Amino acid sequence: MKTYIKFLTKIYLSSFFYVFLIMFSLVFILNLLSELDFFKDVNVHSLFPLYLSFLNTPTLIFEMFPFIFLIATQLFFINLFNNNEINIFKYSGLRNSSILMIISATAFVLGLLIIIIFYNFSSNLKNFYLEMKSGYTDDGKYLAVINKNGLWIKDKKDENIIIINASKIEKNLVLNAFISEFDENYEIIRNIKSPKIDIKKKNWIIYDAEIFKDNQKENFDLIEINTNFNSEIIQNLFSNLSSLSLIELYELRNNYKKLNYSLTDVNLHILKLVSYPIYFILMTIFSAIIMLNTLKFKNSILKVSIGLFFSVIIYYLNNFFNVLGNTEKMNLIASVLIPLAILSLINITMLKNYNAK
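FYI, our numbering numbers position 169 of the sequence shown as 169, with every residue one higher than the one before it.
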């Protein structure tokens with residue numbers, strides 16, 4: 001590897017990890033304040049909120065990586081400008097486009113490592129975080145899981161424990177359901193079998209019910225049962241995909257498919273993860289273009305502010321298209337690729353006379 005490549009890569013990596021550590025510290029402190037507020041009336045060890053904050057911070061940081069890449073690139077060029085190294089490279093015959101290619105390649109490799117290693121690490125910590133904190137929330141006694149055997153729900157209502165298993169979900173209906181109702185000592189009260197249950201409201205409507213109680217069987221055209229769940233609550237329970245690793249996401253997708261459950265959320269999440277390295281490259285290029293197009297500004301804070309202003313616009317534009325995809329008003333692949341295409345067009349337009357800067 002040529003010396004100048006090692007030199008530029010080293011400066012870029014130093015800038016990246018410097019920004020990463022600052023962001024991590026800020027997010028950790030803000031998250032800690034949130035946890036302290038949550039546990040202010042709960043009797044827990046004084047270090048417990050600190051521990052939870054540490055578990056949750058990596059997932060929050062993951063969402064901020066586009067900003068980290070942008071600011072890191074700006075800091076990289078500020079270092080080159082302050083030491084006049086950008087002119088030294090220029091006089092030595094190294095074009096700006098060559099510098100851009102080097103840091104873009106570095107950003108791409110970092111992006112792959114972030115998706116393969118950091119994301120899986122942060123998702124495991126997020127999973128631990130949710131498990132530990134659920135014991136201190138009002139819904140800690142409830143549980144809903146989707147696996148290869150279908151949908152499983154554990155509920156508690158009026159001191160009775162209800163366990164529900166269904167093979168499929170269709171909008172507001174669960175199909176081929178079996179419900180077991182126990183008392184607080186887990187003594188069986190009754191079992192209910194039904195081909196269809198309407199779960200639009202918390203008061204479930206059970207059709208063609210077969211009730212097994214005291215070794216007796218009774219048939220009913222329609223009965224109702226009160227629960228703490230409805231279709232919206234169940235859907236939201238599986239929306240925290242950031243606690244699942246890449247392998248777990250694909251397993252969940254297969255389980256959703258078997259259950260006839262909507263794949264929109266998990267497909268969009270996977271597509272976003274796959275596209276992230278390209279997103280990081282585009283943000284790096286965008287940041288580099290801004291820095292070289294604002295050379296006349298002597299104030300580095302102003303340059304960073306300009307970059308952050310446009311990156312916030314890009315962030316909300318990206319979220320806007322993701323919402324369109326998530327609500328199925330746009331094709332999922334298009335909802336992920338269009339923001340990247342727009343950013344690419346902006347970069348291509350602004351790359352004019354880049355080497356002359």
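Using N, Cα and C, we set each Cβ at its ideal position, and we do this for glycine too. What you are looking at is a predicted structure, and each value in this text was computed from that prediction instead of being measured.
Helix, strand or coil for residue i? Go by DSSP, reduced to three states.
i    : result
L80  : helix
S180 : strand
S15  : helix
R190 : strand
N255 : helix
S122 : helix
V44  : coil
F25  : Just to set this straight, residue 25 is Ser in the shown sequence, not Phe. Looking at S25 - three-state DSSP - the assignment turns out to be helix.
N240 : coil
K10  : helix
N96  : helix
In chain order, what residues of the same chain have a beta carbon less than 6 Å from the beta carbon of residue i, not counting five sequence neighbours either side?
i    : result
T106 : T9 and Y12
G307 : L70, Q74, S287 and I290
F321 : S335, I338 and P339
Can you give the Cα-Cα distance for residue i and residue j, rounded to whole angstroms?
i    : j    : result
D155 : F38  : 24 Å
F178 : N228 : 17 Å
R95  : E131 : 52 Å
M350 : K201 : 53 Å
N203 : I197 : 10 Å
V266 : V336 : 13 Å
I313 : I342 : 12 Å
V323 : F182 : 41 Å
A334 : G325 : 8 Å
V44  : L241 : 28 Å
R190 : N165 : 14 Å
N230 : L26  : 37 Å
L55  : F121 : 10 Å
K133 : Y51  : 11 Å
T3   : K257 : 52 Å
For residue i, collect the residues of the same chain with a Cβ closer than 7 Å to its Cβ; drop the 5 residues on either side in sequence, then sort them by chain order.
i    : result
S243 : S123, K126, N127 and L130
F24  : T57 and I61
P277 : F108, G111, L112 and I115
Opposite residue i in the DSSP bridges: which residues?
i    : result
A209 : F220
V174 : I169 and I197
V367 : The chain is shown only over 1 to 357; residue 367 falls outside these bounds and no answer can be derived.
K133 : The partner list for K133 (beta bridge, DSSP) is empty, contrary to what the question assumes.
K2   : DSSP, once it has assigned bridges, lists no residue as partnering K2.
Here's a check: name, in chain order, each residue in its chain whose Cβ is nearer than 8 Å to the Cβ of residue i, leaving out the five neighbours to either side.
i    : result
E170 : N260
Y18  : A72 and L75
Y207 : S194, P195, K196, I197, D198, D221 and L222
| Residue ranges of each alpha helix (DSSP H) run of no fewer than 4 residues wholly in the segment 259-334, ordered along the chain? | Listed in chain order, they are 264-293 and 300-326.
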